[in-house]
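Protein chains in written order, with my numbering: chain W, 78 to 1015; chain C, 755 to 992. We treat Cβ as the ideally placed atom computed from N, Cα and C, and that holds for glycine. Step one of this worksheet: look at the structure below.
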């Protein structure tokens, strides 16, 4: 009977069934595509990282404190092969060798491997063949990587001479001896192939020479040893849908290897499992964001299914009542509806999975493969994790959607068949619904309650952080974001009524007759559109919030970066520490200052205009001199007038002579402090403060010459007292004062020639293009002197570029969410119009023109969708501004107002179109039908 | 005798039931003079509702001519026909067909809004007059669901009269009402017919309601079988 019920409903309610299945296909397909895209990208990322660090499951070496750098491959290999999970073991020798090819020679990476057993990494032959064997003349083959071949001018068939020296060992706790003599062996190979590699050498370049380990052993007289063993684990261990699990399973094999060989005599690394787990960590947040988007989108689909199935149930109430009379238990009616939803779900989810996976495989994977270039990554045909994730989310949404209609069916009264009038009698609640809609403060209250959840982040987030559970962090983060969105949507629901009234006024202004009818239906249809309105608000809120945040970031990046960085260029000396600029911008103890020659060279570089040298921060204690108040501070010294170097907006002097900054470097014993420190110490311009110096009882007194609100690039000068708590308030002094403070006077006066500049701030020479200058400077200094060169303009462009990429991602997500919202809008409008056939028939009978009817229903749809969209947009924009303004207030930076020019307008246009076409399609048949034909069907 | 306000001339109407054409009217001809109150009676399937729908311009004949207030409605476009209905014909249905989201006042006002002949104030005044005329002066702000069946039908009658039509069409106006309320509604309609000279054509199953008509047209199998001023006599003859 259940089968008959489902078949009959599918046949008789084709539009609804198709609509439900279509919405599910789009919803699930989208989710599968997005999840599979993330999965594919994660694998690509993992593959790329593994390719860069070496595509090895595990590498076993001797530590450099071992007596010998070599291990006994013949003895260890069978022991390792006997371990569960170990698939193969391959010996290798990696080294830096001298390569001589004809007249040229140079250093290169050297990899000697067993071509039969070594499966790690991949080779792509550009010229010749990958043949490492010995020929009949006893000459062994070599494969030279492209960059080495280019640098040394190596061609196919060329002999190359390789000079190898075994690595030096050292004593534990001591450095390897310098200039120690090493036994060097030289041998010759023939170049049989030239090409590129992925993950073979463990280096992210194409430098190196690859030869067979046997020929290396023989020619260098190494015996049966290996410098390292590459342990390959069972590939099935990576089959888990959970990459973290895969990595840990591989690590379990690693533990077994370590247990077998011991802790002390060998060193172990696991590059590939590490890349897998790092990849998972990188993408867990993106995955969570997509899951949240999926939940919102499928929420609309769920609402659509709930609405349509509920309509089916209501239309068949009499039939169900008859079944109850015939003895059908309530459970049976419940099951009938649940089975119908399950059938719809099975078809929709099934097709959605197939289509989503196809889109991923045919579009996304191809795109990734194209981008992967040299790093061709094997991506699986089916992303099990993506499918599982999508099925779980959509299954949950479907189950929730089925609940209400199924319960309604189960609670069908027998009187529906006997006396429908009595069974459907209106209650007081129904009458209440007909009154003009009023603001429902319960929804607002619910919003306030839901908004409390993000506060949990303050408690739960650190807890999860302490435990280091990344997925939980992502869950809490996006859970908080989701509840922020839901809570704000509920809170802003109150705005929907004024929005509706505003839109009604607009409609009444344009078409008074249409407005007359629309107003009465919209303002009194309380129960009908609350849910869909909420879903539309949420669908509009999240993209508006994210896109406005991005727009604000783009608009404010320039100011933020300029205020923060202070100057166009910041140059750091060798060993400046890579990308972590903030950690080194203040100069750490480990960091070296600029050598004076290099500093002079830089300062006289024609690319630079004015420059100012900045010391590292010296942590001191500032006191009022009478022991009442003191604060930990950072003392920074400068060696020139910084004003020509700093952006004008990056300097704000709140008290004192603005020229004081210009004189600071040349006036010993003067200082500029921030408002926060001045307030805390209650010191003003002209007063003195005491700074504790490096020596015992060493105090330097400085006179305050100005109080700054901001001096970008030179420290923290905020007026907030928080700098006192964090001890980050800056005291800016001239370099002589800084030297005096940092110098222990016990050992004499400071040496004015001692290098003290840790950061050079520079303005570009007039008329130079900053981007070109950055490239030029990097070419001249970054490679030769290993200097760190930071360009504010470059970082602005980089952030803006990232924002633009983010915007594309957002546009795609928004489009997908909106498409699903369109389904929701269509379903609600369709059901609403279908349920008002009598009204349409009557209106036509009394002579309402078709275009008026269309106008009324289009108007209703417009008001309903646009009011919710506008509410969501307003809420999203305000939320973004709240965050930005509070951040601006916290950092004392101004906010440039900005609105997203793409996502929000696109969403509004899509909603207008969806409302229009939904009404157009849903009323199409009724507009064509005659009044009498409509009335006859009632 | 003045010119007939409704002229039905040899009208045939067939409906397609599956692949078979089922005749509903077989050559019906009837003239209704202005100010007449005509009752259509007959068993189910006799064609009375079909005839009423054609008279009201809701349905078109398969063959024959229909003239309403001098307009040949068979040749009329749907939009023009709608306009004719809006200006000249009022409808009262068995199931009232009121707009549930509209109050009694708004239901009556709706056709005037559509016609746009009256300003807002005049419209409101006329609506209140009409509601007072049907005895609902104290129910103007009530929604249909807050009114009894009889009251809803009164609202429907007031709505049918909103644009001061020449013709009032009633399809089983009292079908969903108890006898007492039914008589009250028929008295109201008859009063309108007599006081304001409205032409009324209505269908009923109930012979007692036919008494209010000037004459009754009896139908059987798609044909007019009798047209009698005394329904009892007609029934005996049939």
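Among residues of its own chain, excluding the 5 on either side of residue i, which ones have a beta-carbon nearer than 8 Å to its beta-carbon?
| i | result |
| --- | --- |
| residue 508 (chain W) | Only weak support exists for where residue 508 (chain W) lies, its pLDDT of 45 falling under 50; the value from the coordinates is given anyway. There are no such residues. |
| residue 701 (chain W) | 707, 758, 759, 760, 766, 767 |
| residue 411 (chain W) | 483, 484, 486, 487 |
| residue 499 (chain W) | Because residue 499 (chain W) sits at a pLDDT of 49, beneath the cut-off of 50, its placement in the model cannot be relied upon, and the following sentence gives the value as read from the coordinates. For residue 499 (chain W), where only same-chain residues beyond five positions count, the Cβ hits under 8 Å are 492. |
Which same chain residues end up closer than 6 Å to residue i when comparing Cβ atoms and leaving out the 5 residues on each side of it in sequence?
| i | result |
| --- | --- |
| residue 528 (chain W) | 564 |
| residue 802 (chain C) | 794, 796, 957, 973 |
| residue 503 (chain W) | Any reading at residue 503 (chain W) must be qualified, since the residue scores a pLDDT of 45, below 50, and its modelled position is unreliable; no value is offered. |
Within 8 Å (strictly less), CB to CB, does residue i reach chain D?
| i | result |
| --- | --- |
| residue 613 (chain W) | Absent from the structure is chain D; the protein chains it does hold are W and C. |
Tell me which residues share the same chain as residue i and place their Cβ nearer than 7 Å to its Cβ, disregarding the 5 neighbours each side in the sequence.
| i | result |
| --- | --- |
| residue 935 (chain C) | 903, 904 |
| residue 634 (chain W) | 873, 876, 877 |
| residue 785 (chain W) | 729, 730, 731, 749, 751, 794 |
| residue 920 (chain W) | 930 |
| residue 933 (chain W) | 591, 594, 595 |
| residue 170 (chain W) | 189, 290, 293, 303, 304 |
| residue 194 (chain W) | 165, 167 |
Considering only the alpha carbon of each residue, which of the options lies closest to residue i?
| i | options | result |
| --- | --- | --- |
| residue 265 (chain W) | W:242, W:238, W:291, W:286 | W:238 |
| residue 441 (chain W) | W:778, W:111, W:1010, W:975 | W:111 |
| residue 223 (chain W) | W:236, W:200, W:487 | W:200 |
| residue 818 (chain W) | W:980, W:412, W:767, W:843 | W:767 |
| residue 348 (chain W) | W:324, W:332, W:367, W:570 | W:324 |
| residue 1030 (chain W) | W:401, W:404, W:471 | The first residue shown for chain W is 78 and the last is 1015, placing residue 1030 (chain W) beyond what the model contains. |
| residue 991 (chain W) | W:894, W:948, W:968 | W:894 |
| residue 334 (chain W) | W:315, W:934, W:307 | W:307 |
| residue 938 (chain C) | C:908, C:831, C:923 | C:908 |
| residue 1101 (chain W) | W:738, W:234, W:210, W:329 | Nothing can be reported for residue 1101 (chain W), as the shown portion of chain W is limited to 78 through 1015. |
| residue 957 (chain C) | C:856, C:912, C:965 | C:965 |
| residue 368 (chain W) | W:781, W:600, W:469, W:808 | W:469 |
| residue 671 (chain W) | W:121, W:693, W:683 | W:693 |
| residue 926 (chain W) | C:948, C:788, C:832 | C:832 |
| residue 355 (chain W) | W:853, W:320, W:365, W:343 | W:320 |
| residue 823 (chain C) | C:953, C:799, C:774, C:871 | C:953 |
| residue 685 (chain W) | W:845, W:473, W:167 | W:845 |
| residue 1004 (chain W) | C:943, C:775, C:836 | C:836 |
| residue 373 (chain W) | W:168, W:166, W:619, W:229 | W:619 |
With a cut-off of 8 Å on the beta carbons, I'd call residue i and residue j a contact; round off their distance for me.
| i | j | result |
| --- | --- | --- |
| residue 197 (chain W) | residue 304 (chain W) | Contact flag wrong, Cβ pair sits at about 15 Å. |
| residue 573 (chain W) | residue 909 (chain W) | That pair is no contact at about 17 Å. |
| residue 586 (chain W) | residue 868 (chain C) | At roughly 19 Å, the Cβ-Cβ gap does not stay under 8 Å, so residue 586 (chain W) and residue 868 (chain C) are not in contact. |
| residue 828 (chain C) | residue 819 (chain C) | 6 Å |
| residue 45 (chain W) | residue 782 (chain W) | Coverage of chain W is limited to positions 78 through 1015, which leaves residue 45 (chain W) absent and any answer about it impossible. |
| residue 377 (chain W) | residue 621 (chain W) | The Cβ separation is near 16 Å, so there is no contact. |
| residue 946 (chain W) | residue 613 (chain W) | 6 Å |
| residue 996 (chain W) | residue 935 (chain W) | 4 Å |
(request) With 7 Å as the limit, tell me which residues of the segment 578-595 of chain W have their beta carbon closer than that to any beta carbon of chain C; keep them in chain order. (result) 590, 593
(message) Along the segment 793-816 of chain C, where does the CB come closer than 7 Å to a CB of chain W? Name the residues.
(response) 807, 812, 813
(message) Extract the residue ranges of the alpha helix (DSSP H) inside the segment 405-442 of chain W, only unbroken runs of 4 or more that lie entirely within it.
(response) 407-436
(request) Taking a Cβ distance cut-off of 9 Å, strictly less, list which residues of the segment 916-928 of chain W are near chain C, in chain order. (result) 916, 918, 919, 920, 921, 922, 923, 924, 925, 926, 927, 928
(request) Can you give me, in chain order, the residues of the segment 818-835 of chain C that have a beta carbon less than 9 Å from any beta carbon in chain W? (result) 832, 833, 835
(request) Could you pull out every unbroken beta strand (DSSP E) segment of at least 3 residues lying fully inside the segment 860-935 of chain W, listed in chain order? (result) 865-868
(message) Quick check on the DSSP output: what are the complete beta strand (DSSP E) runs of length 3 or more inside the segment 189-228 of chain W, in order along the chain?
(response) 199-205, 218-222
(request) Report the residue ranges of all alpha helix (DSSP H) runs contained in full by the segment 567-637 of chain W; include only those spanning at least 4 residues, in chain order. (result) 573-587, 589-601
(message) Short of 8 Å Cβ to Cβ, which residues in the segment 853-867 of chain C face chain W?
(response) 853, 854, 855, 856, 860, 864, 865, 867
(request) Taking only runs that begin and end inside the segment 320-364 of chain W, name each unbroken beta strand (DSSP E) of 3 or more residues, in chain order. (result) 344-346
(message) List, from N- to C-terminal side, the beta strand (DSSP E) runs of 3 residues or more that fit wholly inside the segment 863-915 of chain C.
(response) none
(message) Residues of the segment 78-92 of chain W in Cβ contact with chain C at a cutoff of 8 Å, in chain order, please.
(response) none
(request) Taking a Cβ distance cut-off of 7 Å, strictly less, list which residues of the segment 381-402 of chain W are near chain C, in chain order. (result) none
(request) Using a Cβ-Cβ cut-off of less than 8 Å, list which residues of the segment 974-1007 of chain W approach chain C; keep chain order. (result) 1007
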